[in-house]
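Below is one structure, written out as structure tokens; the observations come after it.
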């Protein structure tokens, strides 16, 4: 994945035209990811680790189909459920109930499915008495609870997780973790991005270590995590 | 760029529900906290008519039989186009948060804007019906052509919306330019002055104005009560298809670069 960073600051059109004619406008290329190839087997729990800015989230976005790689190919067999950014598409002027449908539609659910599961979503979020309240009056914890409840109502074949396990109060955290585990045990393939090496080691089968957009190491979870910690990557992040 | 038609269609059907939700949200928010709600879509053109009938029957006088319906047929089509394209301008980067986070076919956003503008347009037809009945226009079988006209006009507008949505991402200048463009376009289209005014002096201006084909079509079926000629039908279809094809092509070419420009 290549991004362009403007190197020179060009503040006005005149300057731009002049520089363009002189051919001095240059963009720094920045490869957020380069030469990263791997496969994840069905049912595997696959961890991605690396320091900040290594390209972990970019990689997840490519897998989710949000951005297209500059070159190379990516394929996913199965239905993806991205738990990357929860609550995408929430409209704060609409009520919670309306947002369940809107956010559900954004995630690609069908109306009949949402209707059937509406009560389940509401009861899991424990917000049943607030369903007619506009979302702007919700606390951030309540929004996170609602978002998580909607996003995890499906039985996904491929689950993308970007460090979102910590949200809501303790009670809800436990509940959401239990649900995530149930999904993993239900045979879903999981791609898990985290800075929490302990957790990665605990739940992942295989781990990919990214550094500055390059694949540093890939393999057995324990092995990669050990080397990562030994290299100092696990500290201070 | 291979066009995977079957894949595109099934993908579209999957997101049909999202499209509905977006259109409903649009309309809900537009009339939020207003007492009369969607009635405004009917009231607005009606009240406009009252003002115009005062202005034009008293101050200016054009030799147009049934001026009110003449004006309304033109301006309703035009406002539909204006509302859809100005909504489309913001539709892509206004939803950058969404496009950046989850995969959604991006054309959904300009399409939703165009559809909600269509809903408004259909409501405002009630106003047209009232005015037409009040001014003694006879309903004829030619009106059966109206759904066809609206369908091709919708495609024409959708094509424009896609183009505006795409280029507004790269050149935000378009937002500022849009208002001027619309004003100019409205004045070169015979809305409140007779067609003859232009036809006598600068006739080519009528020929190159795509929206005027639809306006003429609409006036013929409403005011004259006759089915437009095959020629005009073909023109309307042709312009719609051209607009839609260019719109789709422009959009498809650029959509993968959108995320880099937010």
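Residue numbers (the working numbering), protein chains in the order written: chain Y, 339 to 575; chain L, 28 to 289.
Where is the CB? At the ideal position from N, CA and C, for every residue including glycine.
The model shown is predicted, which means the values in this text are computed figures rather than measured ones.
Secondary structure at residue 422 of chain Y: coil, using DSSP grouped into helix, strand and coil. Look at residue 221 of chain L here: in three-state DSSP terms it is coil, with no helix or strand label.
Look at the stretch 527-555 of chain Y and you find these whole runs of beta strand (DSSP E), each 3 residues long or longer: 527-531, 544-549.
Residues of the stretch 120-150 of chain L with a C-beta atom less than 9 Å from some C-beta of chain Y are 122, 124, 125, 126, 127, 128, 129, 130, 131, listed in chain order. If you look at residue 101 of chain L, you'll find it in the alpha helix (DSSP H) that goes 94-118.
Neighbourhood of residue 52 of chain L in chain Y, by CB distance below 9 Å: 429, 431, 432, 436, 440, in chain order. Membership of residue 498 of chain Y in the beta strand (DSSP E) is indicated by the continuous run 496-500.
Of the candidates Y/381, Y/397, Y/508, Y/397 places its Cα closest to the Cα of residue 546 of chain Y. The C-beta of residue 401 of chain Y comes no closer than 7 Å to any C-beta of chain L.
As for any beta strand (DSSP E) of minimum length 3 sitting wholly inside the stretch 405-486 of chain Y, the runs are 418-421, ordered along the chain. Contacts with chain L (Cβ-Cβ distance below 7 Å) from the stretch 408-429 of chain Y involve 420, 422, 423, 426, 427, 429, listed in chain order. In terms of beta-carbon proximity, residue 405 of chain Y lines the interface with chain L, with at least one pair separated by less than 7 Å. By the 16-neighbour rule on beta-carbons within 10 angstroms, residue 241 of chain L is buried. Pairing residue 128 of chain L with residue 436 of chain Y gives a Cβ-Cβ distance that is not under 7 Å.
55, 56, 59: these are the residues of the stretch 54-87 of chain L whose beta carbon lies less than 9 Å from some beta carbon of chain Y, given in chain order. Ranking Y/421, Y/564, Y/411, Y/535 by CA distance to the CA of residue 529 of chain Y puts Y/421 first. Around residue 444 of chain Y, the beta-carbon contacts reaching into chain L at under 7 Å are 45, 125, 129, 131. Taking a beta-carbon distance threshold of 7 Å, residue 511 of chain Y does not count as an interface residue toward chain L.
The stretch 397-407 of chain Y makes no contact with the stretch 561-568 of chain Y: fewer than 3 CB pairs, one atom from each, lie closer than 8 Å.
Distance from the CA atom of residue 462 of chain Y to the CA atom of residue 444 of chain Y, rounded to whole angstroms, is 20 Å.
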